[in-house]
Amino acid sequence: MPTTTAQPLRKPAPTIISSGNGRAALPAGVRILAKGGSALEAVEACARIVEADPKDDTVGLGGLPNVLGVVELDASIVDGTTHTAGSVAALTGFLHPITVARAVMEQLPHVMLVGAGAARFAREIGAEEADLLTPDSRKHWIERLRLAKHTPASIATAHALGPVVLEMVKERGTVNFIAIDKRGNVASAVTTSGWGFKYPGRVGDSPIIGAGHYSDTRYGGAACTGFGELAMRNVTTKTAVDRLARGESAAEVAEEAIADANALVGHGSRLNIVVLAANGEHAAATTKRGVQYAYQSVGMTRAAVRPRAIVRRRSR
Ligand code: GLY
Numbered sequence: 001m002p003t004t005t006a007q008p009l010r011k012p013a014p015t016i017i018s019s020g021n022g023r024a025a026l027p028a029g030v031r032i033l034a035k036g037g038s039a040l041e042a043v044e045a046c047a048r049i050v051e052a053d054p055k056d057d058t059v060g061l062g063g064l065p066n067v068l069g070v071v072e073l074d075a076s077i078v079d080g081t082t083h084t085a086g087s088v089a090a091l092t093g094f095l096h097p098i099t100v101a102r103a104v105m106e107q108l109p110h111v112m113l114v115g116a117g118a119a120r121f122a123r124e125i126g127a128e129e130a131d132l133l134t135p136d137s138r139k140h141w142i143e144r145l146r147l148a149k150h151t152p153a154s155i156a157t158a159h160a161l162g163p164v165v166l167e168m169v170k171e172r173g174t175v176n177f178i179a180i181d182k183r184g185n186v187a188s189a190v191t192t193s194g195w196g197f198k199y200p201g202r203v204g205d206s207p208i209i210g211a212g213h214y215s216d217t218r219y220g221g222a223a224c225t226g227f228g229e230l231a232m233r234n235v236t237t238k239t240a241v242d243r244l245a246r247g248e249s250a251a252e253v254a255e256e257a258i259a260d261a262n263a264l265v266g267h268g269s270r271l272n273i274v275v276l277a278a279n280g281e282h283a284a285a286t287t288k289r290g291v292q293y294a295y296q297s298v299g300m301t302r303a304a305v306r307p308r309a310i311v312r313r314r315s316r
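First residue of the sequence shown: 1, per my numbering; consecutive thereafter.
See the structure below:
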């Protein structure tokens, strides 16, 4: 009778995946992983790079403001090994919401802080303050206000913002990162300025654990960009990780998540997901052509970009 020798399971190469706009940050994260740093450190470091980049108008500095011209940030981080998480929402005036989110996770008995409380805590930990509305994002806001027949002065005293938001609102993007480190630990981070010209106080999926992203070192992680309302309504990324736990492939999980979003009726139709399985396999899917994702493993000299599978909405 042939004998078989149990093979030790090979750990996957340390890897980070991201939404396409995270590509330039991946080498910094991979350097951390190559030196034996944790997945948590790597995803935070990558998120900070995009937060400080004024050219990305979907995240941090230079992010598009709400309808009143205030840049409100959402961010969160998940440690898939300890199952701890930290999150901030509607935070204004700080350059690195992801670091504030990590401090919520590590220093408070809470998961999420919002608005004034989040800003108070950010000051308490000495987080870097910044005027996030750059001249470019202010110009973009004023142009959109003009199309809605408003000015900064008129919108400041408008009685009803809802109709103006419906006219102006524009989904723009978000950046997300999922990493697996040398020890096989998985962590994820998402940071965003949310929908451009949103209603003040609107919170998207990015700071909602299990909607915008989720990680579990046993199975992998998943993270969304696009219309966060869809991910919140479907608890998309927790559902995705549950599917990984059931043994589905990263590609199957990504495509099913988008099919679930397509089945929803209501505002917003665009959702994108990236999935990194604990075995290192990764995949991504989207509702719309032209959306890519990026990845880099230790040993690769630069980040690579791949198209996402497109899952179209069936006509009703
Ligand atoms: N997915 C980001 C947002 O909806 O704010």
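Heads up, the beta-carbon is just placed ideally off N, CA and C, and yes, glycines get one too.
Asked: Count the other CB atoms within 10 Å of the CB of residue 131; is the residue buried (16 or more) or exposed (fewer)?; Found: exposed
Asked: Using a threshold of 7 Å, is the CB atom of residue 365 nearer than that to any non-hydrogen atom of the ligand GLY?; Found: In the structure displayed, the chain extends from 1 to 316; residue 365 sits before or after that span and is not available.
Asked: Does the segment 14–28 come into contact with the segment 93–109, if we say contact requires no fewer than three beta-carbon pairs (one atom in each stretch) closer than 8 Å?; Found: no
Asked: Rounded to the nearest angstrom, how far is the Cβ of residue 119 from that of residue 97, given a contact under 8 Å?; Found: Incorrect: roughly 10 Å between the Cβ atoms, too far for contact.
Asked: Report the option in 47, 140, 117, 114 whose CA atom is closest to the CA atom of residue 62.; Found: 140
Asked: State yes or no: is the C-beta of residue 197 nearer than 7 Å to some heavy atom of the ligand GLY?; Found: no
Asked: Which whole-angstrom value is the C-beta distance of residue 19 and residue 293, which I expect to be below 8 Å?; Found: 6 Å
Asked: Applying the 10 Å Cβ sphere with the 16-neighbour rule, what's the burial state of residue 10?; Found: exposed
Asked: With three or more C-beta pairs closer than 8 Å as the rule, is the segment 53–69 touching the segment 179–196?; Found: yes
Asked: Start and end of the alpha helix (DSSP H) containing residue 138?; Found: 135–147
Asked: Indicate the three-state DSSP secondary structure (helix, strand or coil) for residue 232 in the structure shown.; Found: helix
Asked: Taking only runs of the beta strand (DSSP E) that begin and end inside the segment 166–233, which ones reach a length of at least 3 residues, in chain order?; Found: 175–180, 186–192, 213–216, 220–226
Asked: Under a Cβ-count criterion, where at least 16 other Cβ atoms within 10 Å of its own Cβ denotes burial, should residue 166 be classed as buried or exposed?; Found: exposed
Asked: Between residue 280 and residue 180, how many whole angstroms is the CB-CB distance? I'm expecting something under 8 Å.; Found: 6 Å
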